Structure formats: C-alpha cells, structure tokens
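Below is one structure, written out as structure tokens, with a few remarks after it.
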Ligand SMILES: [Zn+2]
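Protein chains in written order, with the working numbering: chain A, 1 to 137; chain B, 138 to 530.
As structure tokens, then:
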C-alpha cells in the first residue's frame, strides 16, 4: 500500500482556476467544446481540436481505466504514476493511490480519489474500483 | 551516383566538422567554455577557422538569451542564427535548418554546439528548464512525473499490447555495451549480459537501472557547410540526403504511447533521400532508455510495429554480428549523454562511420549510407523527433 508523500502544488492560472476550485469540492472537471462536441484534457480555453473558444467545464463521473502505469521504485517513498482513460474519453496523467502496487494491471477499473498537495490543494487521483468495468481487450 | 546507379541530385549541405568532448565530468570548466572547446574542436576537424563561421545554432542548453551570450563569448561574426529547441533532438533539427539556410544563401559555414554540466551542477536528469507558466506542468508535476517514469509507461504499454519482454529490452543495452568496450571515453565500458541487465535494480517498472542512459557532463559540435566548400577541405565528404522533423504529444487527451513522432520524421527523411530502411546498415538511434530505441526502430520502419522486441534480440544491433549496427560509440546507454541531450553524439558517430573513422572493431565496412535519429523531450508526454539520412559522397 502506498505511503503519504510530499505532493508538489500546481501553479494555477485564471484559465485553470475553476478546475482546482472544483477539486476542493471533491469534483473532477473536463473541458467540452460546444462547437465540435469533443472533450479534451488538460483543460484549455480554446479547443485543441477545432480551435473554437466555446469550451465549457463539465463534471466527470470519476470512473476510468488504467491505460499505463509505472511504480517509481527509485523514490524514497515509491508511488504509482499512471495514464487513466476517463469514462468521458480523455486520457490523463495521475497517480494510483490506496492500492497494492504489485496488484495493479493495465485495463484495471479505477475511481476518483484525492490527496492533498503540500499547500493543502486537493489533487485528483485514482484508486482501484472493484465494482468498476474493466477495459475490454 | 546513388547506390542504385541513379544520378543523385547535388546535396544541399555537408557535415564537414565533428567533435565530441572527451570529458564526462566537467567540474573544472564553465558551461560557456565547454561550448567554446567543442566549437574549436569541430572547426579544427573541418579544417576551417573561427572567422569562417557565419551561422550559429544552439538550443536551450546554451547559457544566455538565445544566441546573444554565446555569439558574444565565442567572438563570432554571424549573419544567421537559429535556437530551435526540441530537447535532445534539437541538434539534428539544427543540421536540417542549417542545410535550409545554406541553400537559401543565408550562411556558408554553420556551427552547432551543445554542452551541459548536469553532474557538476547537481541537476540530475533535468534539462534545466523554467517551469513557470507552462500549460501542461500543473497537470503533471503533482503526480511526480519524471523522464524515467514517463518512458517506463511507454515500455509498460508496449509490453501490454505487443508482448515485448524485459529480456528483449536488455539486448539493446547489451549491444551498446559491446560497442562501448572499445571507447576509452565511455562512462560504462564493461560488456554486459542479458542476465546482468535483468539483475540490475528496478527503478520504475518495467525499467531497470541498465535500461537507462548514463548521466554526464560534456558536449559536442558540428560544422555544416555547402558542398563546394566541403569538397575543398580534403576530408571525406558526408552529405545530407534527407531530413525529417515531427512532434507528438498527448493530443488533447487522445494518448497513444505505442508510437513516436519518428514515424513521421523517418518517413519524411527516407522519402527525401529516396532510400528505404533496407538500404541502411548503420543507424545512430536516440537511446535515453532501451525502450526509446525499440519504439524508434519500429517507427522508422526497420521492422513492423510491435515486432521491435524480436528485431533487437540476439545481438541484431551489434556491429559485425547483427543486421543493423547501432550506436557504435556505446551510445547514451553506455558512453555519453552530454547535458541529458543525446542528439549531437548521434550525428557525430554516424559521420565517423561514413568517414570510416569509427573504432576498427565496430566500423561497418564499405558504408555509404547512415541514419541518425533524435528523440527530444519525453516519449510519454511531448517529444520532438528528427531524422537525418547521411551519405558518403
Ligand atoms: Zn472543438
């Protein structure tokens, strides 16, 4: 099981402040473009697919599957970095927490969890979800 | 004449000078001094002088604002500069840009320098970049992303999709170590076995210590010039036949770690050169990690996507043993990864091979074509690939 580690706080900006405010309320946001309908991550003001400025915040379900992961064994406190594919589509970098690292698998179902950065900002992360749907292969 | 008997068009530019700094630990030198020492070495190698340089190329490893400090420090009088930075592949991009500038008559003698002191400065594997105001970093840094674990995820996904094994990755390090034994300047000169690579500690699953390149101080430089000048210098002439540059990233969340931008930079370079991977017997392949080499070989077309593990196994990358000799100086995996930017040394060893100046134990006989490939940044997030096809005229 993972141990608490010092988490670097994110540098926020006017563009991304709503994302981090939502995280303080326990919610994960993604950006959806009203022009092309596509969701993207990390969040931008202009859609990276069609360059429309009509992008809106949307709350994600918090469910996803592990696309790839690596256990940073070299660190003083080992941790699991991962790409998680959200139910909504985008694949995001995150950590897998509350997990037996040796039991992690690509395709495994995970759900949203949070760990606080050193300044108290909750950071969206993921934890194994025994009830979740596995990625089919 | 080309190798197939066709008359080849006049090349746009030639690499006339190369120099690899012999140091691997530069506590006693300044960063600017390292740039100057490699510049002097490459000009000496070319048979050109400091006063001949009229174009200067550097990347983010150079101190100061773009070329301003370095052109001043080096005492150059230039009419063309370029500071494109794509990480460790930047110097291959510079070769391509130098050729374009020469063809456009913006300069005649282009000097490209790289130097770094990550050991002396205690920087580890970083590139020394300012992280303020980067749009992507806030969504990565809290998670402890590093070059190491990002490349490790590329390896993990490759294993998952294609069944690639740690043993196959280990063969890449083994091949590099076979070459490094002949290089007196290499950081690691011991010949390794697959078993020894697999016995090294796991640093970020599935990558082990021996899957990683060395971290060291050093540098290198290139002189690119127009063909008529290159032919006047009395040295073997190495001409540029094809170039390609491409970028790849997380694409707004549409992440696919199974391939690199080398798929596009390689295709462009091969198309321009009018040759195929089957024509290439020596390749310098960027080797920050073993997985970097494996993915790149697939993307350049040396084997099918997913079959890189089979391709690299059983010594297939060892000079005199396998189908494709790679990184015969020992590469970044064993010899030199100056300033955590390995592209410069990739070009240098390819030129040595084409000149017939590689170590005799690893020299590919009768070599006329070589490939050099750089991968800068991180395969796991954002990277810039650059491919050069070089020919012995
Ligand atoms: Zn859009």
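Each residue gets a CB set at the ideal place from its N, CA and C atoms; glycine is no exception.
All of these numbers come straight from a predicted model, not from anything done at the bench.
Of the residues the options, the one placed nearest residue i, counting alpha carbons only
{"i": "residue 350 of chain B", "options": "B:241, B:297 and B:262", "result": "B:262"}
{"i": "residue 34 of chain A", "options": "A:54, A:44, A:113 and A:60", "result": "A:54"}
{"i": "residue 156 of chain B", "options": "B:355, B:164 and B:220", "result": "B:355"}
{"i": "residue 449 of chain B", "options": "B:367, B:420 and B:309", "result": "B:309"}
{"i": "residue 14 of chain A", "options": "B:275, B:304 and B:368", "result": "B:275"}
{"i": "residue 147 of chain B", "options": "B:295, B:409 and B:205", "result": "B:409"}
{"i": "residue 244 of chain B", "options": "B:251, B:235 and B:252", "result": "B:235"}
{"i": "residue 8 of chain A", "options": "A:128, A:84, A:118 and A:67", "result": "A:118"}
{"i": "residue 201 of chain B", "options": "B:506, B:169, B:217 and B:225", "result": "B:169"}
{"i": "residue 474 of chain B", "options": "B:432, B:505, B:426 and B:508", "result": "B:426"}
{"i": "residue 342 of chain B", "options": "A:87, A:78, A:109 and A:128", "result": "A:78"}
{"i": "residue 272 of chain B", "options": "B:175, B:518, B:451 and B:420", "result": "B:518"}
{"i": "residue 345 of chain B", "options": "A:73, A:63 and A:41", "result": "A:73"}
Min CB distance residue i to chain B below 7 Å
{"i": "residue 90 of chain A", "result": "yes"}
{"i": "residue 18 of chain A", "result": "no"}
{"i": "residue 126 of chain A", "result": "no"}
{"i": "residue 122 of chain A", "result": "no"}
{"i": "residue 81 of chain A", "result": "yes"}
{"i": "residue 61 of chain A", "result": "no"}
{"i": "residue 153 of chain A", "result": "No answer is possible for residue 153 of chain A: it lies beyond the span of chain A, which begins at 1 and ends at 137."}
{"i": "residue 117 of chain A", "result": "yes"}
{"i": "residue 73 of chain A", "result": "yes"}
{"i": "residue 10 of chain A", "result": "yes"}
{"i": "residue 4 of chain A", "result": "no"}
{"i": "residue 66 of chain A", "result": "no"}
{"i": "residue 133 of chain A", "result": "no"}
Short Cβ contact (7 Å threshold) for residue i with residue j
{"i": "residue 446 of chain B", "j": "residue 330 of chain B", "result": "no"}
{"i": "residue 286 of chain B", "j": "residue 81 of chain A", "result": "yes"}
{"i": "residue 126 of chain A", "j": "residue 84 of chain A", "result": "yes"}
{"i": "residue 325 of chain B", "j": "residue 336 of chain B", "result": "no"}
{"i": "residue 215 of chain B", "j": "residue 221 of chain B", "result": "no"}
{"i": "residue 381 of chain B", "j": "residue 524 of chain B", "result": "yes"}
{"i": "residue 60 of chain A", "j": "residue 104 of chain A", "result": "no"}
{"i": "residue 232 of chain B", "j": "residue 412 of chain B", "result": "no"}
{"i": "residue 480 of chain B", "j": "residue 225 of chain B", "result": "yes"}
{"i": "residue 526 of chain B", "j": "residue 379 of chain B", "result": "yes"}
{"i": "residue 238 of chain B", "j": "residue 467 of chain B", "result": "no"}
Cutoff 7 Å: residue i Cβ touching any chain A Cβ
{"i": "residue 390 of chain B", "result": "yes"}
{"i": "residue 141 of chain B", "result": "With a pLDDT of 49 at residue 141 of chain B, under the threshold of 50, the predicted position of this residue should be treated as unreliable, and no value is reported."}
{"i": "residue 307 of chain B", "result": "no"}
{"i": "residue 289 of chain B", "result": "yes"}
{"i": "residue 514 of chain B", "result": "no"}
{"i": "residue 419 of chain B", "result": "no"}
{"i": "residue 522 of chain B", "result": "no"}
{"i": "residue 136 of chain B", "result": "No answer is possible for residue 136 of chain B: the residues shown for chain B start at 138 and end at 530."}
{"i": "residue 297 of chain B", "result": "yes"}
{"i": "residue 396 of chain B", "result": "no"}
{"i": "residue 282 of chain B", "result": "yes"}
{"i": "residue 324 of chain B", "result": "no"}
{"i": "residue 477 of chain B", "result": "no"}
{"i": "residue 279 of chain B", "result": "yes"}
{"i": "residue 432 of chain B", "result": "no"}
{"i": "residue 367 of chain B", "result": "no"}
Length of the line joining the Cα atoms of residue i and residue j
{"i": "residue 153 of chain B", "j": "residue 438 of chain B", "result": "28 Å"}
{"i": "residue 183 of chain B", "j": "residue 199 of chain B", "result": "22 Å"}
{"i": "residue 58 of chain A", "j": "residue 26 of chain A", "result": "14 Å"}
{"i": "residue 3 of chain A", "j": "residue 99 of chain A", "result": "10 Å"}
{"i": "residue 574 of chain B", "j": "residue 365 of chain B", "result": "Any answer about residue 574 of chain B is impossible in this case: the structure gives chain B only from 138 up to 530."}
{"i": "residue 213 of chain B", "j": "residue 383 of chain B", "result": "31 Å"}
{"i": "residue 206 of chain B", "j": "residue 171 of chain B", "result": "14 Å"}
{"i": "residue 259 of chain B", "j": "residue 20 of chain A", "result": "33 Å"}
{"i": "residue 339 of chain B", "j": "residue 106 of chain A", "result": "19 Å"}
{"i": "residue 498 of chain B", "j": "residue 319 of chain B", "result": "7 Å"}
{"i": "residue 434 of chain B", "j": "residue 38 of chain A", "result": "33 Å"}
{"i": "residue 278 of chain B", "j": "residue 251 of chain B", "result": "27 Å"}
{"i": "residue 387 of chain B", "j": "residue 189 of chain B", "result": "43 Å"}
DSSP three-state assignment for residue i, whether helix, strand or coil
{"i": "residue 138 of chain B", "result": "Reliability of the predicted coordinates at residue 138 of chain B is poor, the pLDDT of 40 falling under 50, and the value obtained from them is presented with this limitation in mind. Three-state result, residue 138 of chain B: coil."}
{"i": "residue 379 of chain B", "result": "strand"}
{"i": "residue 357 of chain B", "result": "strand"}
{"i": "residue 46 of chain A", "result": "coil"}
{"i": "residue 73 of chain A", "result": "coil"}
{"i": "residue 228 of chain B", "result": "helix"}
{"i": "residue 18 of chain A", "result": "helix"}
{"i": "residue 174 of chain B", "result": "helix"}
{"i": "residue 12 of chain A", "result": "coil"}
{"i": "residue 106 of chain A", "result": "coil"}
{"i": "residue 349 of chain B", "result": "strand"}
{"i": "residue 31 of chain A", "result": "strand"}
Contact test: residue i Cβ vs ligand 2 heavy atom, cutoff 6 Å
{"i": "residue 38 of chain A", "result": "By its list of ligands, the structure shown excludes ligand 2, since it contains just ligand 1."}
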